[in-house]
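> Each residue of the sequence shown is one higher than the last, beginning at 365 in the working numbering. To start, I am sharing the structure in question, which I have written as C-alpha cells.
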Amino acid sequence: MGTRVTFMPAGKVIDVTRPTTILAAARQAGVAVRTRCGGKAGCLLCKVNVSGDAHAVTAPTPPEVRKMGMEETLGARLACQVRLSGRTGSVTVEVPEDPLKALVRRKLEEQRGEDALW
C-alpha cells in the first residue's frame, strides 16, 4: 500500500511505496519545492511542514539537525533530508508559497483593488 503523501496547498496526492525523500516525491507529483543546494541541506530553501503518521517519516539526519537545530520527526523539516518510509500511513506536507510568486500575487490583488476604484 505505501505512504500516502498529500501536498498542500496544491492538493496533490501521491503514494510512495519505496523509501524516498519528500523532495523526490514532490518532484514526482509535480509539486515545486524551492532548492538551490541539490539536496545537501545547504540552502535551507526546501523547508516544509510535515504532519501525520510519525512512523511514515525518518528521524532527522545529522545535517538536518545541525541546520535546523531540531530533533523531532514531524513539524518543520527539510524536504531534501526527510525520507518517507514507504510503509503504510499518511503524511501531509505543507509547501510554503514561493516568495516571488507571493509578491506577484499581492501586486495583482492590489491592482485589482485599484481598478475597482475606477
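All residues carry an ideal CB built from backbone N, CA and C; glycine is no exception. Please read these numbers as outputs of a predicted model, since none were measured by experiment.
Taking 8 Å as the cut-off, decide whether the C-beta atoms of L438 and A418 are in contact.
Yes, the pair counts as a contact, with Cβ atoms nearer than the cut-off.
> My guess is that G416 and V455 are in contact by the Cβ rule of under 8 Å, so how many angstroms apart are they, rounded?
Yes, G416 and V455 are in contact; Cβ-Cβ is about 4 Å, under 8 Å.
> Give the C-beta separation of V446 and V421 to the nearest angstrom, bearing in mind that I take them to be a contact with Cβ-Cβ under 8 Å.
Rounded, the Cβ-Cβ distance is 5 Å, consistent with contact.
> DSSP three-state call for V377: helix, strand or coil?
The answer is strand: DSSP assigns V377 an E or B state.
> Hey, out of L387, S449, M432 and V414, whose CA is closest to L408's CA?
Looking at the Cα atoms, M432 is the closest of the given residues.
> Please state whether DSSP places E428 in a helix, a strand or coil.
It is helical.
> Just checking: is the beta-carbon of Q475 within a distance shorter than 8 Å of some beta-carbon in chain D?
In the structure shown, chain D does not exist; there is a single protein chain.
> Exposed or buried, R441, counting other C-beta atoms within 10 Å across all chains shown (16 or more means buried)?
The residue is buried, with at least 16 neighbouring Cβ atoms inside 10 Å.
> Which class does K404 belong to by DSSP, given the choice of helix, strand or coil?
Three-state result, K404: coil.
> Within 10 Å of its beta-carbon, does L467 have 16 or more other beta-carbons around it, so buried, or fewer, so exposed?
Its Cβ having fewer than 16 others within 10 Å, L467 is exposed.
> What's the C-alpha gap between E436 and V457?
In a straight line, the C-alpha of E436 is about 15 Å away from that of V457.
> What residues match up with K339 in a beta bridge as DSSP calls it?
Since the first residue shown for the chain is 365 and the last is 482, residue 339 is missing from the structure and cannot be characterised.
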